[in-house]
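Asks: Would you mind keeping the following structure in view while I ask a few things?
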Amino acid sequence: MSQVPNTDEIKKGLAGVVVDYTAISKVNPDSNSLLYRGYPVQELAARCSVEEVAYLLWHGDLPTPEQLADFERRERAGRSLDPLLKHVVDELPAGTHPMDVCRTAASVHGARHPKAEDSSREANLEKALELFAAMPAVVAYDQRRRRGQEPVEPRDDLGYAANFLWMAFGEEAAPEVLHAFEVSMILYAEHSFNASTFTARVVTSTLSDLHSAVTAAIGALKGPLHGGANEAVMETFEKIGIRADETHEQAKARAKAWMDAALAEKKKIMGFGHRVYKHGDSRVPTMKAALDDLIAFYGRPEILGLYDGLEQAMDEAKGIKPNLDYPTGPAYHLMGFDIPTFTPLFVASRIVGWTAHVIEQLENNSLIRPLSAYNGPDERHLD
Ligand code: COA
1 MSQVPNTDEI KKGLAGVVVD YTAISKVNPD SNSLLYRGYP VQELAARCSV
51 EEVAYLLWHG DLPTPEQLAD FERRERAGRS LDPLLKHVVD ELPAGTHPMD
101 VCRTAASVHG ARHPKAEDSS REANLEKALE LFAAMPAVVA YDQRRRRGQE
151 PVEPRDDLGY AANFLWMAFG EEAAPEVLHA FEVSMILYAE HSFNASTFTA
201 RVVTSTLSDL HSAVTAAIGA LKGPLHGGAN EAVMETFEKI GIRADETHEQ
251 AKARAKAWMD AALAEKKKIM GFGHRVYKHG DSRVPTMKAA LDDLIAFYGR
301 PEILGLYDGL EQAMDEAKGI KPNLDYPTGP AYHLMGFDIP TFTPLFVASR
351 IVGWTAHVIE QLENNSLIRP LSAYNGPDER HLD
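For the sequence shown, counting from 1, position 44 maps to 44 in the working numbering; every step adds exactly one.
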């Protein structure tokens, strides 16, 4: 077969290109559905813990009670902030973006791993669980150090999500807050061949190691067209102005006016649109319900006003629907996280999906190496 590229076949951004099989998740944009290993994500979010979903994504089936107990024991044993990671984070300037902190932490975690060169399924499952257990401590510690607060030790009597909030804020979360956080972690865990997961698979396809794949994936997730959108959503809310004394209707009217002006200037509005879903993101209704609970819990109707105003104005002007980053932005804000911590929360959860894909890629590997069509100068020579 000729290797000379047919330029008619260029698929900019790989849009619409199917590059491989995956048994991990199924995104169906026609039915607006998302399945993790066959289970609708809404069912998992309503009835399972983050740990059960992580086990499902890695192993293919939900755990038995014995398997879950063993899995939880191992996850809880890996939650403390590793002294080396703490030292590395401490050496970074306080102004370092938390995504850069996460990326560095993932790399350091791998560099000193005793099985760094072992990419067997067994070793990768072990490394994936260790990284999943360790990242909340990094994210929580980094937010606390930027706030000038002392670190909070993990608790092994709490589940993954409850302990994460405990380490971030030093107090036990209310059930409404815990539920919304757990739902967000489950919805963020996996989403087929998105940009960061594909990055992880490309790195893995060279037979590089799991930590290199995750480190690269964090870099891909940082961008505002991908994970960084949840931060950008909240920045938009802040730009419009969050006014606690406003009613839902007043906030909605201001948000609509802001959106109309932004669209007139042809701005791209973060938190809206999706490469795959064109009629709405399957995960949004579940996260929006959790956000509604948070808004009721904190008594913040003005946040809902901004949310509804932007959504309605975008729908009327362009018919573009919100993606998952739209409800998670204000949800994380209400929970008390600083904006730059939002995407690291996404990292902590998506470690599961990335590493499941690393393991799957290695099971039937082929180097991922597309072609390009050259459009530079014609051949020329030195005088
Ligand atoms: N705000 C304004 N216009 C948008 C838009 C947005 N968020 N998302 C898409 N559009 C418009 C584009 O301007 C384009 O209009 P045009 O045909 O008049 O030029 C059209 O919709 C198609 O958009 P395009 O960027 O080509 O679609 P895509 O499939 O390549 O992009 C995203 C998908 C996610 C990159 C894009 O929707 C986006 O940038 N969204 C904002 C970032 C975001 O929220 N990312 C998180 C994704 S989960």
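Just so it is clear, CB atoms sit at the ideal spot from N, CA and C, and this is done for glycine as well.
#1: Go to Val347, then tell me how far its beta strand (DSSP E) extends in each direction, as first and last residue.
#2: Using the rule of at least 16 other Cβ atoms within 10 Å of the residue's Cβ for burial, across every protein chain shown, is Thr215 buried or exposed?
#3: Let's test the definition: count the other Cβ atoms within 10 Å of the Cβ of Asp90 and tell me whether it reaches 16, buried, or not, exposed.
#4: Going by C-alpha to C-alpha distance, which of Arg369, Ala331, Leu362 sits closest to Gly121?
#5: Under 8 angstroms between the Cβ atoms of Glu302 and Ala251?
#6: If you measure between the beta carbons of Glu249 and Tyr36, is that distance less than 8 angstroms?
#7: Is the beta carbon of Leu125 less than 8 angstroms from the beta carbon of Ile359?
#8: My understanding is that Leu34 touches Ser282, with C-beta atoms under 8 angstroms, so please give their C-beta distance in whole angstroms.
#9: Could you tell me whether the stretch 198-212 touches the stretch 165-182, using the rule of 3 or more Cβ pairs below 8 angstroms?
#10: Straight-line CA distance for Gly280 to Leu306?
#11: For Asn28, list the residues DSSP reports as bridge partners.
#12: Is Met259 close to ligand 1? I mean its beta-carbon at under 7 angstroms from any heavy atom of the ligand.
#13: Ligand 1 and Lys127: does any heavy atom of the ligand fall closer than 7 angstroms to the residue's C-beta?
#14: Can you name the residues that DSSP bridges to Phe272?
#15: Quick one: measure Cβ to Cβ for Gly227 and Ser196, integer angstroms, because I've assumed they're closer than 8 angstroms.
#16: Would you check whether ligand 1 has a heavy atom nearer than 7 angstroms to the C-beta of Asn323?
#17: Is the beta carbon of Asp293 closer than 8 angstroms to that of Ala180?
Replies: The structure says:
#1: That residue, Val347, is in no beta strand (DSSP E); its alpha helix (DSSP H) goes 342-363.
#2: buried
#3: exposed
#4: Before going further, note that residue 121 is Arg rather than Gly in the sequence given. Ranking Arg369, Ala331, Leu362 by Cα distance to Arg121 puts Leu362 first.
#5: yes
#6: no
#7: yes
#8: 4 angstroms
#9: no
#10: 19 angstroms
#11: Ser33
#12: no
#13: no
#14: Pro322
#15: 7 angstroms
#16: yes
#17: yes
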